[in-house]
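**Q** Respectively, the protein sequence lines represent chains Z and R.
Our numbering applies: residue 706 is where the first sequence begins, and numbers increase by one.
Our numbering applies: residue 3 is where the second sequence begins, and numbers increase by one.
Here a beta-carbon is modelled for each residue, glycine too, at the ideal position from N, C-alpha and C.
The structure displayed is predicted, hence computed values, not measured ones.
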Amino acid sequence: MKKSKVKTTQPEEQLFALEEHLAGTLKPITPPQELVSRLRERIRFPEPEEIVWRLGNWRRLFLVYSGVMSGMLVIITFARAFFYFWGRRHM
Amino acid sequence: MPDIEFNEEDVLTRASQGDRDAFGLLYERYIDRIFNYVYYRTGNLHDAEDLTARVFQRAMNHIQNYTDRGVPFSAWLYRIAHNLVANWHRDRSRRQEIPINDVPVLPSKGDHPEKNLVRSQEQDSLLRLIRRLPSERQSLLILKFVENMSNAEIGAIMGRSEGAVKSLYHRTLLALRDQLGDQSINLDGD
């Protein structure tokens, strides 16, 4: 391997040049897509599309569930009130 | 892959309550960054994959212990990665394996595919020198250049003050510069 001399004049300039070299060498890399998918499966994560779909669906389910529960509470309240007054009249 | 926008605080709360879908969103957001860190620290694809998986598995198992005390979630993840990579190096040194110098070329963001096929001799030499540095210094350089983090962010991950990171960085540059005297790397900027 051919060696070249480090012939910079100022130490600060050398450090600046070294930082430039480091910036050129240590670049962000994109992991291969199959690797990301393999990892996702390995950690047992669903696909991003599936996560988005499930979250949307989960919100809908939550709305339906809370609607049903609220409706049941209203019915139970009316039923209790009805039995209370009806029971008092027939006592 | 779709870029999923979400409120990280909400997602973290749900993930800490055992919501796997929420954790999946965090995985999608941080997989590239953690993989980058682990890949540069290990220098090979196979171990990088294995360790990245273990980082997320450990994070998923302990996310209920993560409490937001001003430390970002990313810093918490990097700490896990940092510890796992340190253990990996310890085990590897015990087993006396032959060091791997040939780092597989992965596509850099924004580069042309043709350019990715050839890594210059200078870059290889510099990478080899970086791998000979102490673990903390390697992490510092990777977080600074690959992840573009500030000294304060790096400090949060490494458990050091911003000033200590700045000082360590300067000492690392000086050490690298001294070692470069024996290498074919020109610091003239030509």
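Z:I781 by DSSP, collapsed to three states: which one?
**A** In this structure, Z:I781 counts as helix in the three-state DSSP scheme.
**Q** Smallest Cα separation from R:G45: which of R:L142, R:R35, R:L129 and R:E10?
**A** Ranking R:L142, R:R35, R:L129 and R:E10 by Cα distance to R:G45 puts R:L129 first.
**Q** Using a C-beta cutoff of 7 Å, does Z:R764 count as contacting chain R?
**A** No - not a single Cβ of chain R is within 7 Å of the one on Z:R764.
**Q** Do you know how far the Cα of R:K146 is from the Cα of R:I156?
**A** Cα-Cα distance, rounded: 8 Å.
**Q** So, under 8 Å CB-CB, R:A83 and R:I132 are touching, yes? Tell me the CB distance rounded to an integer number of Å.
**A** Contact doesn't hold; Cβ gap of about 17 Å is too wide.
**Q** Counting only Cβ-Cβ distances shorter than 7 Å, please list the residues of the stretch 148–160 of chain R near chain Z, keeping chain order.
**A** Answer set for the stretch 148–160 of chain R: V148.
**Q** Do you know offhand how far R:S169's Cα is from R:L135's?
**A** About 16 Å.
**Q** Please determine, among Z:I748, Z:I734 and Z:M777, the residue with the shortest C-alpha to C-alpha distance to R:R56.
**A** With distances taken between Cα atoms, R:R56 lies closest to Z:I748.
**Q** Could you give the distance in angstroms between the alpha-carbon of R:A61 and the alpha-carbon of Z:G792?
**A** Their Cα atoms are separated by approximately 59 Å.
**Q** Among R:H172, R:W78, R:T174 and R:N153, which residue has its Cα nearest to the Cα of R:E164?
**A** Comparing Cα-Cα distances from R:E164 to each of R:H172, R:W78, R:T174 and R:N153, the minimum goes to R:N153.
**Q** Since I believe Z:L720 is in contact with R:R179 (beta carbons under 8 Å), could you give me their beta-carbon distance rounded to a whole number of angstroms?
**A** Right, the Cβ-Cβ distance comes to about 6 Å (below 8 Å), so this counts as a contact.
**Q** What do you get for R:W78, buried or exposed, if any count of 16 or more other CB atoms within 10 angstroms of its CB means buried?
**A** Label assigned to R:W78: buried.
**Q** Is the stretch 88–95 of chain R touching the stretch 63–72 of chain R in the sense that three or more CB pairs, one from each, lie closer than 8 Å?
**A** With the cut-off at 8 Å, the stretch 63–72 of chain R and the stretch 88–95 of chain R do not touch.
**Q** With a Cβ-Cβ cutoff of 7 Å, do R:F8 and R:A17 count as a contact?
**A** Their beta carbons are not under 7 Å apart, which means R:F8 does not touch R:A17 by this criterion.
**Q** Using a beta-carbon distance below 7 Å, is R:Q181 in contact with chain Z?
**A** Not one chain Z Cβ lies under 7 Å of R:Q181.
**Q** Considering only residues of the same chain and omitting the five flanking positions on each side of R:D192, which have a CB-CB separation below 6 Å?
**A** Note that R:D192 scores a pLDDT of 45, beneath 50, so its modelled location is shaky; the value from the coordinates is reported in the next line. Result list for R:D192: empty, nothing under 6 Å.
**Q** Would you mind working out which of R:D49, R:A177, R:Q125 and R:G20 sits nearest R:N1, comparing C-alpha positions?
**A** For chain R, the structure presents residues 3 to 192; residue 1 of chain R sits outside this window and is missing.
**Q** Would you mind working out which of Z:L727, Z:Y789, Z:F787 and Z:P737 sits nearest R:L47, comparing C-alpha positions?
**A** Comparing Cα positions, the closest option is Z:P737.
**Q** What do you get for Z:R835, buried or exposed, if any count of 16 or more other CB atoms within 10 angstroms of its CB means buried?
**A** In this structure chain Z extends from 706 to 796, so residue 835 of chain Z is not present and cannot be described.
**Q** Determine the extent of the alpha helix (DSSP H) in which R:D21 is found, giving its start and end residues.
**A** No alpha helix (DSSP H) contains R:D21, which DSSP labels as neither H nor E.
**Q** Shortest alpha-carbon distance to R:A88 belongs to which of R:F58, R:Q140 and R:S76?
**A** Closest option to R:A88, Cα to Cα, is R:Q140.
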